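S.K.: Handing you a structure now.
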Amino acid sequence: MDKINVDHMLAIEEPFIKAPLEQLKRTVRQSQRQVERETAQVNAALKSLIKEGDSVAAGDMADTLDEQVGRLKELRRKLEEAKQEEALLIQRSKQRAADLHELNEFESSTQPEFQRWCRARLDRVLIDYMLRSGNVDTAHKLAASGGLEHFADTSLFALVMSIERELCEQHSCQGALQWCAENRSALRKIQSPLEFELRLQEFIEMIRASRTPEAIVYAKKHLTQWSDTQLPRIQRAMTLLAFSPGTRCPPYKSMFDEARWGQLALEFRSVIFQLFNLPAQPLLHLLLQTGLSALKTPACISDDSTEHNRNCPVCQIDTLGRLAKDLPLSHHVHSNLVCRITGERMNEDNPPMRLPNGYVYSLNALTEMAKLGGRVKCPRTGQAFAIADAKKLFIS
Amino acid sequence: MDALVRDCHKLSKHQAASTQKALSAVDFAIEQLEQVRTQLPTESSAVAHKEALEKAQAQIDSTHTIVSEQLKELYGNVSKYGKHVEKAFKMDLSFVSESRAFEDKKEILAQSILLHFLREGDFETGSSFAKEAGLELPRETQAQFEAMYNTVSAIRAPQHDLTPALAWAVQNREQLEAHGIMLEFELHRLRFLQLVEQGAPIEALGYARKWFPRFGRRKQDVPQPEENDGDVAMGEDDMLEDGHTGHRTETAAARAAMAHAAHSQLEEIEHLMGIFIFARRLDDSPYAGQFTAQRWEDGAHLFASAFCTLLGLSSSSPLSVTIGAGARALPIVCKVSGLLRDKRVEWSQQNELAVEVPLPDDMRFHSVFACPVSKEQATLENPPMMMPCGHVVCKASLDKLAKGVRPGAIASGRFKCPYCPGMSCLTDAKRVHF
Chain A
1 MDKINVDHML AIEEPFIKAP LEQLKRTVRQ SQRQVERETA QVNAALKSLI KEGDSVAAGD
61 MADTLDEQVG RLKELRRKLE EAKQEEALLI QRSKQRAADL HELNEFESST QPEFQRWCRA
121 RLDRVLIDYM LRSGNVDTAH KLAASGGLEH FADTSLFALV MSIERELCEQ HSCQGALQWC
181 AENRSALRKI QSPLEFELRL QEFIEMIRAS RTPEAIVYAK KHLTQWSDTQ LPRIQRAMTL
241 LAFSPGTRCP PYKSMFDEAR WGQLALEFRS VIFQLFNLPA QPLLHLLLQT GLSALKTPAC
301 ISDDSTEHNR NCPVCQIDTL GRLAKDLPLS HHVHSNLVCR ITGERMNEDN PPMRLPNGYV
361 YSLNALTEMA KLGGRVKCPR TGQAFAIADA KKLFIS
Chain B
1001 MDALVRDCHK LSKHQAASTQ KALSAVDFAI EQLEQVRTQL PTESSAVAHK EALEKAQAQI
1061 DSTHTIVSEQ LKELYGNVSK YGKHVEKAFK MDLSFVSESR AFEDKKEILA QSILLHFLRE
1121 GDFETGSSFA KEAGLELPRE TQAQFEAMYN TVSAIRAPQH DLTPALAWAV QNREQLEAHG
1181 IMLEFELHRL RFLQLVEQGA PIEALGYARK WFPRFGRRKQ DVPQPEENDG DVAMGEDDML
1241 EDGHTGHRTE TAAARAAMAH AAHSQLEEIE HLMGIFIFAR RLDDSPYAGQ FTAQRWEDGA
1301 HLFASAFCTL LGLSSSSPLS VTIGAGARAL PIVCKVSGLL RDKRVEWSQQ NELAVEVPLP
1361 DDMRFHSVFA CPVSKEQATL ENPPMMMPCG HVVCKASLDK LAKGVRPGAI ASGRFKCPYC
1421 PGMSCLTDAK RVHF
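Protein chains in written order, with our numbering: chain A, 1 to 396; chain B, 1001 to 1434.
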């Protein structure tokens, strides 16, 4: 049982490895687009200079050339930045893969090195939770104290937070729309209507501000491209033109609702997590839920507090026990007996012994007790017996 | 994983080279364009202008080709690595990530995390979290942990001062031994290594002479004071009062049972004393591994856990035990949820997990009896029963066995144990409490 199932341990680490990888892919793609765009612009400018030839005044030509040099310099700066980001992400991928590779070197789960590894894993799972829930300071402290900066996807979450804040607090779609533009092909691949929802929101805001003509122009430009998939909703959106923001008519009332901004933020988060291969919930939740379930036994939820074990997480009635309340119990097809006195496992080497009153303790516990006092006393009932009266049990 | 590490290594080399190429190509284009710009006033003929511009344009084109090619190649390598990652990880966590189980429990979760930081001695992170999440640090908890905080910070400080930790360990020696916690020896060991590291072998030797013999003796060699009888009586009272809220209660029985765990440290001491041969060249000695910075963290951790145990808290952090169990359970639950997806039953909504999650011994806290005949877990209504031969099955199985007896034997009501030749009848079976 002390063996480590490396395959299982690795199975849950997909987001850990994939987060930097997906970021890396996007960084390279973005550089590609930038290079395409900027060189095309410079090229076009030069072409027109060549074509117009003599008709261009020397001063204008110098200005255009200056402008193009500036453009190329800006491109170089951006490219260099992107390259640094790439190097960092590759480095991170390497460190993370190396961390997981370490698992192969452990032989037993009781080894101090393995326990150290597990502590670091808990820390990085907590860092992920802190970043997701916006406790950025705590995340940084935790990463710094354990030297785990390379395990924290800080910049990714900083982006998520800043766009979410813009949506919820400033009621602006700008950052989110820009992000959509940068990731358009990926969004199309997962058929996400996020961009449509954002455009719709801008449209709604124009109506709210009674900028009707502008809203119609906006709808023509931005909503019509979605007519293949979103036609009924576009129609409903256009109907909105007939209603005032104070309407009580159900579908339109909800479209004017300010809470839509919060929904957009949630939608944005779920889409960006999907793109970066992050689970919708923090890994901490998933591990806690399955872990508590695997540990939960009828004894943990018994009203009889003597059944509880203070070392058992589920028996912590004020904290983890409450989290475990509605989770499933663990499933057992094999017996597993733990001695109430020593906490040791009872098996062939340390067999369970039944005292005449029916209560069972390990042979080790009873022999040690007999050495001290001659007779053995049942801690649960207080009755004393001769150790010879204890009967060995066979558990198959 | 090894392959992925190698992939990353290659990727990083390739990326550095390609960065060089791409950036110098852009530099060259900038240079060319600037040259055209500076030559502009000196070249008066339109033909020369045109030529220079065309040359610049060709340069931009070739720069564009170089940079795009570099990026394309890089992207290709990244995708190749991505394919390997894809192959290495096939688990789809989305099967379990729909669970709403914690939706209304965010506060309790945050409290549990805060408590974890405190008991691990990570007070800075703890107070930062309390502030950000708007949690109250329970005053009594804070006071309880204050002593621990000072001691733990002394261990972690650059001088790694072990004095307060040792003083506490000596003060609580008996209790620590009763719990089988080897804190005192571990602290002496750290101090000894510290003296060696500081280049003070004479002091280290003196230290070893003073402190190690106590831990070198075998248990039976340690003179036992004549307090056995009284001690046992008191221990038993403790035991009853304490109920069984903790397995490792401070009872005489527990103390005795732990005695074999508190075995001699002789082997480790022998190992440590060998260090003097290498005192002048520790770095390339077999002892080099003893001097990692990590050892202070381990020491601080051991102290914190000992402190919590004596406070009556669990000996290791409940959060970390749960995450350890979760790391074993999650892949299994995930796989089964994937298989049962069509049934549309969310795993966390069921009464019991669909499969058994194998856990190591140190994550088992309660006895679980599963009837070997019916494979069902024992309950109050269906308790485990022992047959005279010592084999245990559930009551329901026992009843079935009794009904299934050979026709001729009905009168006697006797049946054979499924696991041995022993015969028994219903009235012989006795209730068992684990």
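The beta carbon of each residue, even a glycine, is placed where N, CA and C say it ideally should be. The structure presented is a predicted model; accordingly, all values stated were derived computationally and were not measured.
Less than 7 Å between C-beta atoms, sequence neighbours within five positions excluded: which residues of the same chain meet that for Asp1237 (chain B)?
M.R.: Note on Asp1237 (chain B): pLDDT 40, under 50, position unreliable in the model; the coordinate value appears next. Excluding positions up to five away in sequence, the list is empty.
S.K.: For Ala1256 (chain B), which residues in the same chain have their Cβ closer than 7 Å to its Cβ, ignoring the five residues on either side in sequence?
M.R.: The predicted position of Ala1256 (chain B) is uncertain, since its pLDDT is 42 and thus under 50; no value can be drawn from it.
S.K.: State the start and end residues of the unbroken alpha helix (DSSP H) segment that holds Arg211 (chain A).
M.R.: Counting along the chain, Arg211 (chain A) falls outside any alpha helix (DSSP H), and DSSP gives it neither H nor E.
S.K.: Measure the beta-carbon distance from Val333 (chain A) to Ala1370 (chain B) and round it to whole angstroms, keeping in mind my assumption that it falls under 8 Å.
M.R.: 5 Å
S.K.: Could you tell me how far apart the beta carbons of Arg76 (chain A) and Leu1023 (chain B) are, in whole angstroms, since I believe they sit closer than 8 Å?
M.R.: 7 Å
S.K.: Could you tell me which residues DSSP pairs with Leu329 (chain A) in its beta bridges?
M.R.: B:Glu1352
S.K.: Starting from Ala386 (chain A) and walking both ways along the alpha helix (DSSP H), at which residues does that stretch end?
M.R.: Note, Ala386 (chain A): premise wrong, no alpha helix (DSSP H); beta strand (DSSP E) at 384 to 386.
S.K.: Alpha carbon to alpha carbon, how far is Thr1141 (chain B) from Glu1120 (chain B)? Give it in angstroms, no decimals.
M.R.: 13 Å
S.K.: Compute the distance between the beta-carbons of Glu14 (chain A) and Phe1185 (chain B), then report whether it is under 8 Å.
M.R.: With contacts defined as CB atoms closer than 8 Å, Glu14 (chain A) and Phe1185 (chain B) fail to qualify as a contacting pair.
S.K.: Applying a beta-carbon distance threshold of less than 8 Å, which residues of chain A neighbour Lys1105 (chain B)?
M.R.: Here the neighbours are Arg322, Leu323.
S.K.: Spell out the partners DSSP gives Met1454 (chain B) in its beta bridges.
M.R.: In the structure displayed, chain B extends from 1001 to 1434; residue 1454 (chain B) sits before or after that span and is not available.
S.K.: Determine, using beta-carbon pairs with one atom in the segment 1303 to 1314 of chain B and one in the segment 127 to 135 of chain A, whether at least three such pairs fall under 8 Å.
M.R.: no
S.K.: Assuming Ala1190 (chain B) and Gly1299 (chain B) form a contact by the criterion Cβ under 8 Å, report the distance between their Cβ atoms to the nearest whole angstrom.
M.R.: The question names Ala, yet the displayed sequence has Leu at residue 1190 (chain B). Leu1190 (chain B) to Gly1299 (chain B), Cβ: 5 Å. Contact.
S.K.: Can you name, in chain order, every residue of its own chain whose Cβ lies under 7 Å from the Cβ of Glu267 (chain A), other than the five neighbours on each side?
M.R.: Leu194, Glu197, listed in sequence order.
S.K.: What residues from the segment 58 to 70 of chain A come within 8 Å of chain B, judged by C-beta to C-beta, listed N to C?
M.R.: Ala58, Met61, Ala62, Leu65, Asp66, Gln68, Val69
S.K.: Starting from the C-beta of Leu1398 (chain B), find all residues in its chain whose C-beta is less than 7 Å away, skip the five residues before and the five after it, and write them out in chain order.
M.R.: When the five nearest sequence neighbours on each side are left out, the beta carbons in the same chain lying within less than 7 Å of the beta carbon of Leu1398 (chain B) are those of Met1385, Leu1426, Ala1429, in order along the chain.
S.K.: Is the segment 66 to 74 of chain A touching the segment 91 to 107 of chain A in the sense that three or more CB pairs, one from each, lie closer than 8 Å?
M.R.: no
S.K.: In the DSSP assignment, what are the bridge partners of Cys1394 (chain B)?
M.R.: B:Pro1384
S.K.: Against chain A, with Cβ distances strictly below 8 Å, would Asn1172 (chain B) count as a contact?
M.R.: no
S.K.: Within 7 Å: the Cβ of Ser1305 (chain B) and any heavy atom of the ligand ZN?
M.R.: No copy of the ligand ZN occurs in the structure displayed, which carries no ligand at all.
S.K.: Using a beta-carbon distance cut-off of less than 8 Å, what residues from the segment 79 to 100 of chain A approach chain C?
M.R.: Of the protein chains in the structure, A and B, none is chain C.
S.K.: Three or more C-beta pairs under 8 Å: does that hold for the segment 1058 to 1071 of chain B against the segment 4 to 24 of chain A?
M.R.: no
S.K.: Note down, in chain order, every chain A residue with its Cβ under 9 Å from the Cβ of Tyr1149 (chain B).
M.R.: Those within 9 Å of Tyr1149 (chain B) in chain A number zero; the least Cβ separation is about 14 Å.
S.K.: Since Ser335 (chain A) and Ile395 (chain A) should fall inside the 8 Å C-beta cutoff, what is the C-beta to C-beta distance between them, to a whole number of angstroms?
M.R.: 5 Å
S.K.: Could you tell me whether the Cβ of Gly1324 (chain B) comes closer than 8 Å to any Cβ of chain A?
M.R.: yes
S.K.: Can you say whether Pro1318 (chain B) is buried or exposed, counting buried as having 16 or more other CB atoms within 10 angstroms of its CB?
M.R.: buried
S.K.: Can you grab the Cα-Cα spacing for the pair Tyr361 (chain A) / Ala1208 (chain B), in whole Å?
M.R.: 40 Å
S.K.: Are the beta-carbon atoms belonging to Glu1073 (chain B) and Ser1018 (chain B) less than 8 Å from one another?
M.R.: yes
S.K.: Would Glu149 (chain A) count as contacting chain B if we go by Cβ distances under 8 Å?
M.R.: No, Glu149 (chain A) does not count as interfacial toward chain B.
S.K.: On the premise that Leu89 (chain A) lies in contact with Ala186 (chain A), defined as a C-beta separation below 8 Å, what is that separation, rounded to the nearest angstrom?
M.R.: Wrong, their Cβ atoms sit about 17 Å apart, outside the cutoff.
S.K.: Could you work out which residues of chain A lie near Ser1094 (chain B), taking near to mean beta carbons separated by less than 8 Å?
M.R.: From the beta-carbon of Ser1094 (chain B), the residues of chain A found nearer than 8 Å are Pro279, Ala280.
S.K.: Tell me the rounded alpha-carbon separation between Gln1265 (chain B) and Lys391 (chain A).
M.R.: 35 Å
S.K.: With burial defined as no fewer than 16 other Cβ atoms inside 10 Å of the residue's Cβ, what is the status of Cys249 (chain A): buried or exposed?
M.R.: It is exposed - the Cβ of Cys249 (chain A) has fewer than 16 other Cβ atoms within 10 Å.
S.K.: Drop a sphere of 10 angstroms on the beta-carbon of Asn104 (chain A), count the other beta-carbons inside from all chains shown, and report buried for 16 or more, exposed for fewer.
M.R.: Classification for Asn104 (chain A): exposed.
S.K.: Return the residues of the segment 1333 to 1361 of chain B that lie within a Cβ-Cβ distance of less than 9 Å from chain A, sorted by chain order.
M.R.: Val1333, Cys1334, Lys1335, Trp1347, Ser1348, Gln1349, Gln1350, Asn1351, Glu1352, Leu1353, Ala1354, Val1355, Glu1356, Val1357, Pro1358, Leu1359, Pro1360, Asp1361
S.K.: In the DSSP output, what is Ala1370 (chain B) paired with across the bridge?
M.R.: B:Gln1377
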